[in-house]
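S.K.:
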């Protein structure tokens, strides 16, 4: 059934546009033009964040940050095995999924560590990616507290995820 959802949606849009006498092809082309303009406006920001993430991990700073944060995370109730996941999640969605897969292979899908990691990945966001996309499109430039607040919220979510997984 789910294989038919997208074709059905496209068919409904086409039929609705036809019934309302909307120039469907012209509207589509106008939408594509707008998306290309958006793509061109966010591309420099997106490129910078991708380079920054690669430099963070390739330089070894990511590993050093993990070692530094392990005692803090343990005190907050986050298992030390999840340190890398919590550090990488705000930076890279694919990277955090890869870390979660490694944890699944090592500890098993039903383990406490993997359950915590799954909740953290499912309930958090790639903060720097979202900030890059959002901040590149808004006119407001006073964004001093936005990313730190998002990172604190992400950490609080990780603490809550591990606490909930302990209870359940």
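Residue numbers (my numbering): 39 to 206. The beta carbon of each residue, even a glycine, is placed where N, CA and C say it ideally should be.
1) Cα separation between residue 204 and residue 195?
2) Assign residue 68 to one of two classes, buried (16 or more other C-beta atoms within 10 Å of its C-beta) or exposed (fewer than that).
3) When you compare only the Cα positions, how much space is there between residue 140 and residue 202?
4) I'd like the list of long-range same chain contacts for residue 170, defined as Cβ closer than 7 Å, with 5 residues on each side in sequence excluded.
5) With residue 158 and residue 199 assumed to form a contact (beta carbons below 8 Å), what rounded beta-carbon distance in angstroms separates them?
6) Apart from the five residues just before and just after residue 207, which ones in its own chain have a Cβ nearer than 6 Å to its Cβ?
7) Considering only their Cβ atoms, is the gap separating residue 117 from residue 13 smaller than 9 Å?
8) For residue 133, I'd like the list of residues in its chain whose CB is within less than 7 Å of its CB, leaving aside the five on either flank, ordered along the chain.
9) Classify residue 57 as buried or exposed, calling it buried when 16 or more other Cβ atoms lie within 10 Å of its own Cβ.
M.R.: Taking the definition as stated:
1) 14 Å
2) exposed
3) 22 Å
4) 83, 84 and 87
5) 5 Å
6) As displayed, the chain neither begins before 39 nor continues past 206, which places residue 207 out of reach and without an answer.
7) No information on residue 13 is available, as it lies outside the stretch 39 to 206 that the chain covers here.
8) 126
9) exposed
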